[in-house]
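To start, the structure itself, in structure tokens.
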């Protein structure tokens, strides 16, 4: 993904801004000025329309627990007469292509698409355009004639992960050995994450092993981490740059199975509940929290505007290119690193998870150390 120079990129900002971002129109309607069309006020015009939401897989927890319900809630708030139909593709391109065709056939007026494969979906996106159905690319930047994009700066996420990993490694950050557990090679975010991380790591540590993880499937990450341990030796890994929380969990499981103790610092992203528990418990050093609320809000606002035939200039202040178009309206949301020291401020107080959700019996002792419970 190329972010155009001179455009503001919302990245690595304090999470204190999130209530403002996620609450912009949380009750749906904005105040209408005299002479302003109803569509401009945030209220639905006569009748509604269907928004299709397509997610890439079922094994990534956030799609079902965060993104899908947040998009549904925000669309309903912005357009009470609109409805959302959704589908998960099980990491299969052909399945997602069929789901897109089905949604268009069912009369979806706009699609929010998180592509399984950013290149393979290009022809389906072209068919959607031909059917006059705009596509908002979500979380992953698809190739083809998309109309808008809601996501984050993945290079910045990679930089945050690498900086936090070096911090956790301490003296071993000077020449230590790390393993990189990267995402799926067909996901454009994977390359951006790697580029961002390597820009920080270059010349400081030895990237002893680096793996792609087909389909972002945790079981594949487990196999890759096990292979790294076998080749390098269980005591010769000083850090693990894991691309997301699902891969981090499997990497940690592989390290434990090999008897590695103490565990090296491990990174992640998405702030999954299981990952937050691992962070509190000292098993995973950091996760990068991307505001699901901000991402879903931007996608829903752009989808409703497009369904009403409106321009996106008032919503999307960033611009990106995807190899097809050089000037795609985009909203790139805020990021923050979450460690055991910041879980209370960045997770609990921001309302992402409650103390009761985090502090299950297995981590209660660690929760006391982190100041989450008395």
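Numbering (this note's numbering), first residue to last: 269 to 642.
From the three backbone atoms N, C-alpha and C, an ideal C-beta is built for every residue, glycine too.
Bear in mind the structure is a predicted one, so any value in this text is a computation, not a measurement.
Rounded distance between the beta-carbons of residue j and residue i, thought under 8 Å
{"i": "residue 377", "j": "residue 323", "result": "Not quite, the Cβ-Cβ distance comes to about 19 Å (not below 8 Å), so this is no contact."}
{"i": "residue 480", "j": "residue 450", "result": "5 Å"}
{"i": "residue 380", "j": "residue 404", "result": "5 Å"}
{"i": "residue 563", "j": "residue 422", "result": "Their Cβ separation, rounded to whole angstroms, is 13 Å, which puts residue 563 and residue 422 out of contact at 8 Å."}
{"i": "residue 628", "j": "residue 545", "result": "7 Å"}
Euclidean distance between Cα positions of residue i and residue j
{"i": "residue 506", "j": "residue 330", "result": "29 Å"}
{"i": "residue 476", "j": "residue 343", "result": "46 Å"}
{"i": "residue 467", "j": "residue 519", "result": "23 Å"}
{"i": "residue 471", "j": "residue 354", "result": "45 Å"}
{"i": "residue 625", "j": "residue 541", "result": "8 Å"}
{"i": "residue 599", "j": "residue 516", "result": "27 Å"}
{"i": "residue 408", "j": "residue 386", "result": "7 Å"}
{"i": "residue 561", "j": "residue 346", "result": "14 Å"}
{"i": "residue 469", "j": "residue 459", "result": "15 Å"}
{"i": "residue 411", "j": "residue 529", "result": "43 Å"}
{"i": "residue 579", "j": "residue 587", "result": "14 Å"}
{"i": "residue 553", "j": "residue 547", "result": "6 Å"}
{"i": "residue 491", "j": "residue 522", "result": "8 Å"}
{"i": "residue 571", "j": "residue 509", "result": "35 Å"}
{"i": "residue 494", "j": "residue 483", "result": "18 Å"}
{"i": "residue 504", "j": "residue 567", "result": "44 Å"}
{"i": "residue 375", "j": "residue 363", "result": "19 Å"}
{"i": "residue 595", "j": "residue 367", "result": "27 Å"}
{"i": "residue 487", "j": "residue 527", "result": "18 Å"}
{"i": "residue 463", "j": "residue 333", "result": "29 Å"}
{"i": "residue 502", "j": "residue 416", "result": "45 Å"}
{"i": "residue 549", "j": "residue 457", "result": "28 Å"}
{"i": "residue 618", "j": "residue 335", "result": "17 Å"}
{"i": "residue 283", "j": "residue 610", "result": "Bear in mind that the predicted position of residue 283 carries a pLDDT of just 42, short of 50, making it unreliable; the figure below should be weighed with that in mind. Rounded to the nearest angstrom, the two C-alpha atoms are 11 Å apart."}
{"i": "residue 307", "j": "residue 604", "result": "Here the model assigns residue 307 a pLDDT of 34, short of 50, so the residue's position is not dependable, and the following value carries that caveat. Rounded to the nearest angstrom, the two C-alpha atoms are 34 Å apart."}
Candidates the options: closest to residue i by CA position
{"i": "residue 340", "options": "603, 352, 577", "result": "352"}
{"i": "residue 497", "options": "525, 461, 634", "result": "525"}
{"i": "residue 372", "options": "510, 413, 595, 319", "result": "319"}
{"i": "residue 608", "options": "551, 579, 566, 619", "result": "551"}
{"i": "residue 535", "options": "602, 427, 385", "result": "427"}
{"i": "residue 389", "options": "523, 447, 423, 454", "result": "454"}
{"i": "residue 398", "options": "414, 410, 539, 409", "result": "414"}
{"i": "residue 620", "options": "326, 407, 558, 513", "result": "558"}
{"i": "residue 425", "options": "367, 465, 503, 545", "result": "465"}
{"i": "residue 573", "options": "587, 597, 556", "result": "597"}
{"i": "residue 440", "options": "528, 533, 511, 538", "result": "533"}
{"i": "residue 382", "options": "357, 423, 369, 370", "result": "357"}
{"i": "residue 321", "options": "370, 362, 327", "result": "370"}
{"i": "residue 337", "options": "565, 595, 604", "result": "565"}
{"i": "residue 575", "options": "350, 362, 489", "result": "350"}
{"i": "residue 601", "options": "406, 527, 463, 442", "result": "406"}
{"i": "residue 646", "options": "485, 335, 442", "result": "The shown model of the chain, from 269 to 642, leaves out residue 646, and the question about it has no answer."}
Residues of its chain near residue i, where Cβ-Cβ distance is below 8 Å and the 5 sequence neighbours each way are ignored
{"i": "residue 612", "result": "638, 639, 640"}
{"i": "residue 606", "result": "539, 544, 547, 554, 555, 556, 557, 614, 615"}
{"i": "residue 642", "result": "636"}
{"i": "residue 622", "result": "616"}
Cβ neighbours of residue i in the same chain (closer than 6 Å, five flanking residues each side left out)
{"i": "residue 365", "result": "392"}
{"i": "residue 577", "result": "none"}
{"i": "residue 473", "result": "444, 446"}
{"i": "residue 511", "result": "450, 451, 461"}
{"i": "residue 538", "result": "330, 512, 513"}
{"i": "residue 478", "result": "448"}
{"i": "residue 500", "result": "476"}
{"i": "residue 489", "result": "449, 481, 515, 518, 519"}
{"i": "residue 442", "result": "none"}
Close-in-space but distant-in-sequence residues of the same chain around residue i (CB under 7 Å, 5 per side omitted)
{"i": "residue 301", "result": "Since pLDDT at residue 301 reaches only 31, below the 50 mark, its modelled position is unreliable, and the value read off the structure follows with that caveat. Closer than 7 Å at Cβ, skipping near neighbours: no residue."}
{"i": "residue 360", "result": "384"}
{"i": "residue 531", "result": "520, 523, 551"}
Any C-beta of chain B under 7 Å from that of residue i
{"i": "residue 349", "result": "In summary, chain B is missing from the structure at hand, where a single protein chain is found."}
Exercise. Should the region 572-592 be regarded as contacting the region 425-440, the criterion being three or more beta carbon pairs within less than 8 Å?
Worked result: With a cut-off of 8 Å, the region 425-440 and the region 572-592 do not count as touching, because too few Cβ pairs lie within range.
Problem set entry | the region 425-433 contacting the region 382-399, beta-carbon criterion three pairs below 8 Å | The region 425-433 is not in contact with the region 382-399.
Exercise. Quick check: the region 626-635 against the region 577-584, are there 3 or more CB pairs under 8 Å?
Worked result: Using a Cβ-Cβ distance cut-off of 8 Å, the region 626-635 and the region 577-584 are not in contact, since fewer than three pairs of beta carbons, one from each stretch, lie closer than that value.
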